[in-house]
Structures are given as C-alpha cells and as structure tokens.
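Asks: For the record, the sequence lines run as chains S and G.
Each residue of the first sequence is one higher than the one before, counting from 664 in my numbering.
Each residue of the second sequence is one higher than the one before, counting from 103 in my numbering.
Sharing a structure with you now.
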Amino acid sequence: MINPLRPIGSAFLSFLETTGRLVMFTVDGLSHCVRPPFYGRQLLRQIIEIGFLTLPVVGLTAIFAGMVLALQSYTGFARFSAEGAIASVVALSITRELGPVLAGLMIAGRIGAAMAAEIGTMRVTEQVDALTTLSTNPMKYLVAPRLIAGTLMLPFVVFIADVIGIFGGYLVAVYKLGFNPSNYLQNTWEILTTLDIVSGLVKASAFGFITTLMGCYHGYHSGGGAQGVGKATTNAVVSASILILCVNYILTLFFFTKDVAG
Amino acid sequence: MSQDNAAKINLSGVRKTFAGGKKVVLDHVDLEIGKGESVVIIGGSGTGKSVTIKCMLGLLKPDSGSITIDGKDVNNMFASEREDINQQVGMLFQAAALFDSLPIWENVAFGLIARNQCSRHDARDIAVEKLKLVGLSPDVLDLSPSELSSGMQKRVGLARAIASNPEIIFFDEPTTGLDPIMADVINNLIVHVNQTIGATAVTITHDMKSARKIGDRIAMLYDGRIIWAGPTDAIDHSDNEYVDQFIHGRTEGPIKMVARR
Numbered sequence: 664m665i666n667p668l669r670p671i672g673s674a675f676l677s678f679l680e681t682t683g684r685l686v687m688f689t690v691d692g693l694s695h696c697v698r699p700p701f702y703g704r705q706l707l708r709q710i711i712e713i714g715f716l717t718l719p720v721v722g723l724t725a726i727f728a729g730m731v732l733a734l735q736s737y738t739g740f741a742r743f744s745a746e747g748a749i750a751s752v753v754a755l756s757i758t759r760e761l762g763p764v765l766a767g768l769m770i771a772g773r774i775g776a777a778m779a780a781e782i783g784t785m786r787v788t789e790q791v792d793a794l795t796t797l798s799t800n801p802m803k804y805l806v807a808p809r810l811i812a813g814t815l816m817l818p819f820v821v822f823i824a825d826v827i828g829i830f831g832g833y834l835v836a837v838y839k840l841g842f843n844p845s846n847y848l849q850n851t852w853e854i855l856t857t858l859d860i861v862s863g864l865v866k867a868s869a870f871g872f873i874t875t876l877m878g879c880y881h882g883y884h885s886g887g888g889a890q891g892v893g894k895a896t897t898n899a900v901v902s903a904s905i906l907i908l909c910v911n912y913i914l915t916l917f918f919f920t921k922d923v924a925g
Numbered sequence: 103m104s105q106d107n108a109a110k111i112n113l114s115g116v117r118k119t120f121a122g123g124k125k126v127v128l129d130h131v132d133l134e135i136g137k138g139e140s141v142v143i144i145g146g147s148g149t150g151k152s153v154t155i156k157c158m159l160g161l162l163k164p165d166s167g168s169i170t171i172d173g174k175d176v177n178n179m180f181a182s183e184r185e186d187i188n189q190q191v192g193m194l195f196q197a198a199a200l201f202d203s204l205p206i207w208e209n210v211a212f213g214l215i216a217r218n219q220c221s222r223h224d225a226r227d228i229a230v231e232k233l234k235l236v237g238l239s240p241d242v243l244d245l246s247p248s249e250l251s252s253g254m255q256k257r258v259g260l261a262r263a264i265a266s267n268p269e270i271i272f273f274d275e276p277t278t279g280l281d282p283i284m285a286d287v288i289n290n291l292i293v294h295v296n297q298t299i300g301a302t303a304v305t306i307t308h309d310m311k312s313a314r315k316i317g318d319r320i321a322m323l324y325d326g327r328i329i330w331a332g333p334t335d336a337i338d339h340s341d342n343e344y345v346d347q348f349i350h351g352r353t354e355g356p357i358k359m360v361a362r363r
C-alpha cells in the first residue's frame with residue numbers, strides 16, 4: 664500500500680531542492696555582476712534589448728491603460744460629483760501601480776521568454792559548454808549582463824511608460840470628457856510626490872531583476888530538445904509573472920507603511 | 103605525430119554515476135595520453151564516451167578518481183584555475199556549437215577576444231588565417247552560422263578549436279552526420295591541424311574509418327571501462343572479442359543491443 668504522505672514529502676523535498684538551486688543561482692549570478700572581467704558588448708546588447716526595443720510594446724500598454732483608467736474613473740466619480748479627482752487617480756495609479764506592474768508583466772512575456780528560449784537553446788546545442796571550453800564563465804557572459812541590464816533599464820522604461828500613461832489619461836480627459844487641459848496638468852503635477860515616482864521606479868527595478876533572473880534560471884536549467892526549451896520558456900514567464908505580483912504586494916505594503924508614517 | 107613519454111592527460115579510476123548513483127556510466131576508467139599523441143576513444147552509443155570527454159573538459163565532475171593535465175589534478179581546482187587550464191584546450195563539438203548571435207569571424211576568435219589576448223582587429227586577422235587552414239575563404243567571415251552547411255559549420259568549429267594554438271584538442275564525434283566525402287575532408291583536416299600545431303588530440307567516435315585515420319592509439323570503452331587500448335595498427339589483432347565485434351560492426355558477439363520495452 665502506498666503511503667499517502669510519500670507524495671507530499673516528495674513534493675516538499677522537490678520544492679526545497681528547487682528553492683536551494685534558485686538561491687545558489689541568484690548568489691552566483693550577483694557575484695559575477697561585481698567581479699571582472701565584464702563583457703561590455705553583451706551588456707550593451709541587453710540594454711538595447713530591454714531598454715529600447717521594449718519601448719513600443721510598453722508604451723502601447725501604458726497609453727491604453729491611462730485612457731481606460733480615465734474613462735472608468737469618470738464613470739465612478741461622476742456618481743459622487745468628484746470628476747475633478749480623475750487627474751489625481753490617473754497619475755497616482757499609473758506611477759505607483761499600473762506603470763511598473765504592466766511594464767513588468769509585458770517585459771516578463773517579451774524579455775523573460777526570449778531569454779529563456781535563447782539560453783535554453785544554447786544549453787541544448789552545447790553552446791553553453793562551448794563557452795566553458797573557451798575559458799568563459801557562462802554565468803558571467805550570459806547571466807550577469809542580463810541581470811544588470813534588467814535591473815537598471817526597467818526603471819527607465821517604466822518612467823517613459825508613466826509619462827505615456829498619464830498622457831493617455833490626459834487625451835481622454837481633455838478630448839473625450841471635456842476637461843480643461845491646464846487644470847488637468849496642474850492637478851496631475853500637484854498630486855504627485857517624489858515618493859510616488861520613486862516607489863514605482865523601485866518596483867520596476869525589482870521586477871526587472873525578477874524577470875531576467877527567471878529567464879536566465881529556466882533557460883540555464885533547460886531540459887533536452889525543443890520540448891525542454893518550450894517548457895523553460897513557459898516556466899520563465901509564469902514564474903516571473905507570479906513573482907512580480909507577489910513582490911508588488913510586498914513593496915506596496917512597504918511604501919504604504921512609509922506613506923502612513925509620513 | 104611527435105610523442106614523448108610524459109603523460110599530458112591521465113585518468114585514474116574515474117567513476118561517474120547519474121540518477122543518484124543508480125546509473126553507472128564510468129566505472130574506474132584508467133587512461134594515459136602522452137604529449138603530442140592522438141588517442142581515439144571508440145565505443146557504442148551510450149557507453150560513456152561523451153561523459154569521459156566532458157569529465158576531462160571539466161564540464162562534469164567525476165564522483166571519484168582523478169584526472170590530471172600536465173600533472174595537475176583538474177577535478178579539485180578553483181573555477182579560475184580551471185579557466186586557465188582551458189586556455190590551452192580546444193574543443194570541436196559534435197554539432198559544432200557555434201554561437202548563433204555572432205558572425206563567423208567572432209565565433210572563430212571568441213576565445214582570443216574574451217581573454218583579451220588581442221584587439222578585435224587582430225582577432226579578425228587570426229580568424230582569416232585559421233579559416234584558411236581549414237579550407238574556408240574570407241567570404242564567410244561576416245556570415246552567421248545558420249547560413250553555412252553542416253560541413254562548413256564543422257570546419258568553423260575546427261577553426262575555433264585551434265584559434266589559440268591549444269596544446270590539447272578534443273574532438274567529439276567529428277564526422278557524425280556528414281557525407282563520406284565531407285567526413286574524409288574533416289578527418290584530413292584534423293590530421294593536418296594536429297601535425298601543424300603539434301597538439302595532443304583526444305577524439306571520441308564510433309566511426310572506425312575516422313578512428314583509423316586520426317588516431318595513433320585507440321582505446322575502446324565498454325560498460326563504463328576501457329576494455330582495450332593499443333596502437334591503431336594493432337586493433338585488427340586485438341584478440342578481444344568485444345573489439346572484434348565492434349570494429350567489424352557485427353550483430354553476433356558478446357555486445358548485445360538491449361531493446362527497451
């Protein structure tokens with residue numbers, strides 16, 4: 664007779680093994696970020712990939728999010744004759760929450776998947792082994808530049824997304840709902856504090872790290888063949904998305920405490 | 103090929119298992135490879151040839167036993183020390199393993215650029231020279247690996263393996279997947295570059311024509327052990343029924359192909 668505790672124990676051990684492997688991978692990756700040699704060309708390539716080539720998709724996401732937010736806020740606030748708060752709601756929602764989270768999720772889909780697929784393919788075609796034989800540490804050459812680029816460039820991308828998202832809200836408020844343009848911009852400017860912007864950018868940096876870490880980790884440990892690479896890609900996107908949402912709550916709680924204390 | 107008595111690579115009692123020790127792939131492998139010697143390890147699929155070469159390269163760590171290169175135990179080194187050892191090593195992978203994201207010349211000169219041994223301009227010149235050595239013209243320099251045939255990719259892989267004039271070159275199934283003529287071209291190239299740069303060569307293959315052409319000495323791996331090793335000329339008179347069956351490709355004999363159910 665099969666012991667019913669056996670599958671539970673097996674799953675728990677598997678969870679511990681995966682967690683341990685991920686922690687060791689993270690520590691190893693971070694240690695290579697600060698130890699020479701540094702591969703400038705690889706870093707530049709990743710900076711362009713994450714900081715520049717993702718701008719169209721993140722920009723589109725942000726502008727539509729801002730536009731929808733303005734419309735939905737109007738629907739709600741009109742019931743309390745509080746339409747004037749729309750500019751504040753759009754600005755705060757975009758900078759503190761929607762900008763970093765939506766950009767993080769979009770980048771998890773675009774960059775996390777691409778990284779897992781690229782490194783996974785390199786793994787199964789022995790290109791990662793080839794790096795080792797050429798006296799090049801794969802963690803230093805493949806992982807460290809991606810971690811650095813993701814952590815540094817996502818705040819930049821999110822800042823642009825914030826501007827575009829607020830502009831989307833402005834377009835709807837002014838041209839669809841008939842708001843006064845200068846009043847709308849003044850309300851936006853007055854409501855935003857440094858903490859609003861900084862909290863969003865800190866979140867962005869954390870999400871950039873999570874996305875690139877998951878992409879690299881799953882790609883690096885990809886199984887054999889096309890199926891293994893496909894599974895690694897899916898796992899990278901799913902795990903990055905879930906972690907982004909979890910970490911978002913933790914960081915929001917942290918900044919909420921600061922707000923209340925302030 | 104030139105040889106002297108000093109062992110360049112020495113495997114002693116190397117054991118490697120997988121699946122938590124349940125699957126024994128290498129079981130006390132002993133093999134000595136002299137400086138400047140070309141040794142070919144033959145054996146059927148799944149006998150541990152690739153695992154042996156990966157252990158020598160440091161891609162896998164043996165469970166027990168020792169592997170020395172120039173007398174240094176390479177299993178118990180720091181990663182940085184191993185990287186230094188790898189600077190004198192070249193490797194031709196079975197499917198070439200060229201980097202998709204880089205043009206051909208950067209693939210060939212990758213090790214030189216990564217180790218800052220020369221400027222990118224000089225590295226490109228060295229790539230031209232090494233590609234010429236393997237019979238490729240400078241026309242391919244700026245192409246990507248996917249634009250080349252598998253035979254040409256193998257040549258580029260060979261050019262990359264010899265780019266830094268290594269003291270040891272490993273060849274993993276160098277002729278697998280190639281037509282007979284291209285396979286012979288690659289065999290000739292391997293013999294030529296080994297003679298040109300005087301490197302110690304370790305080849306794993308199950309292609310006997312290739313083994314006879316490349317090797318000074320042949321070792322046969324079966325069931326995780328070296329069951330026979332000797333000069334290439336002596337393999338036809340090995341008096342070993344396993345070796346006889348393998349080199350003649352007979353289905354009758356002590357080596358049984360196990361069908362999985």
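Ideal Cβ placement from N, Cα and C applies to all residues, glycine included.
Owing to the predicted nature of the structure, the values given are computational and were not obtained by experimental measurement.
Mind checking residue 106 of chain G: buried by the 16 CB within 10 Å criterion, or exposed?
Replies: Low local confidence applies: a pLDDT of 49 at residue 106 of chain G is under 50, so the model's placement there is unreliable, and no value is given.
Asks: Could you tell me which uninterrupted alpha helix (DSSP H) segments, each at least 4 residues in length, are contained entirely in the region 207-252 of chain G, listed from first to last along the chain?
Replies: You should have 212-216, 222-235.
Asks: For chain G, find out if any of its Cβ atoms is closer than 8 Å to the Cβ of residue 851 of chain S; answer yes or no.
Replies: No, no contact with chain G.
Asks: Could you tell me which whole beta strand (DSSP E) segments of length 3 or greater appear in the region 792-823 of chain S?
Replies: Entirely contained in the region 792-823 of chain S, not one beta strand (DSSP E) run reaches 3 residues.
Asks: Applying a beta-carbon distance threshold of less than 9 Å, which residues of chain S neighbour residue 217 of chain G?
Replies: Chain S residues near residue 217 of chain G: 700, 797, 798, 799.
Asks: Along chain S, which residues have their Cβ under 7 Å away from the Cβ of residue 191 of chain G?
Replies: Under the 7 Å cutoff, chain S gives 796.
Asks: Is the region 165-185 of chain G in contact with the region 251-261 of chain G, if contact means three or more CB pairs nearer than 8 Å?
Replies: No, they do not touch.
Asks: Could you tell me which whole alpha helix (DSSP H) segments of length 4 or greater appear in the region 692-777 of chain S?
Replies: Runs of the alpha helix (DSSP H) inside the region 692-777 of chain S: 703-710, 718-740, 749-756, 762-770.
Asks: For the pair the region 154-168 of chain G and the region 763-774 of chain S, tell me if three or more CB-CB distances fall below 8 Å.
Replies: Touching, no.
Asks: Check residue 959 of chain S in the structure and name its three-state DSSP category.
Replies: Here chain S covers residues 664 to 925 and nothing more, so residue 959 of chain S does not appear.
Asks: Could you tell me whether the Cβ of residue 792 of chain S comes closer than 8 Å to any Cβ of chain G?
Replies: Chain G contact via Cβ: present.
Asks: Report back the beta-carbon spacing between residue 273 of chain G and residue 299 of chain G to the nearest angstrom; my notes put them in contact at under 8 Å.
Replies: Rounded, the Cβ-Cβ distance is 14 Å, inconsistent with contact.
Asks: Can you give me the C-alpha to C-alpha distance between residue 878 of chain S and residue 862 of chain S, rounded to a whole angstrom?
Replies: Distance between the alpha carbons of residue 878 of chain S and residue 862 of chain S: 24 Å.
Asks: Using the beta-carbon count (16 or more within 10 Å), is residue 232 of chain G buried or exposed?
Replies: Buried: at least 16 other Cβ atoms inside 10 Å.
Asks: Buried or exposed, going by whether 16 or more other CB atoms sit within 10 Å of the CB of residue 330 of chain G?
Replies: Flag for residue 330 of chain G reads buried.
Asks: Within 10 Å of its beta-carbon, does residue 104 of chain G have 16 or more other beta-carbons around it, so buried, or fewer, so exposed?
Replies: Any answer about residue 104 of chain G is weak, because its pLDDT of 43 lies below 50 and its placement is not dependable; what the coordinates show is given next. Residue 104 of chain G should be labelled exposed.
Asks: To the nearest angstrom, report how far apart residue 782 of chain S and residue 840 of chain S are at their CA atoms.
Replies: Distance between the alpha carbons of residue 782 of chain S and residue 840 of chain S: 48 Å.
Asks: Give the list of continuous beta strand (DSSP E) stretches no shorter than 3 residues that lie fully inside the region 276-334 of chain G.
Replies: Runs found: 302-307, 319-324, 327-333.
Asks: With a cut-off of 8 Å, do at least 3 Cβ pairs link the region 707-721 of chain S to the region 820-833 of chain S?
Replies: Contact between the region 707-721 of chain S and the region 820-833 of chain S is present, because at least three Cβ pairs lie under 8 Å.
Asks: Go ahead and pull the three-state DSSP assignment for residue 113 of chain G.
Replies: Of the three classes helix, strand and coil, the one that applies to residue 113 of chain G here is strand, per DSSP.
Asks: Hey, how far is the Cα of residue 147 of chain G from the Cα of residue 788 of chain S?
Replies: So the two alpha carbons sit approximately 18 Å from each other.
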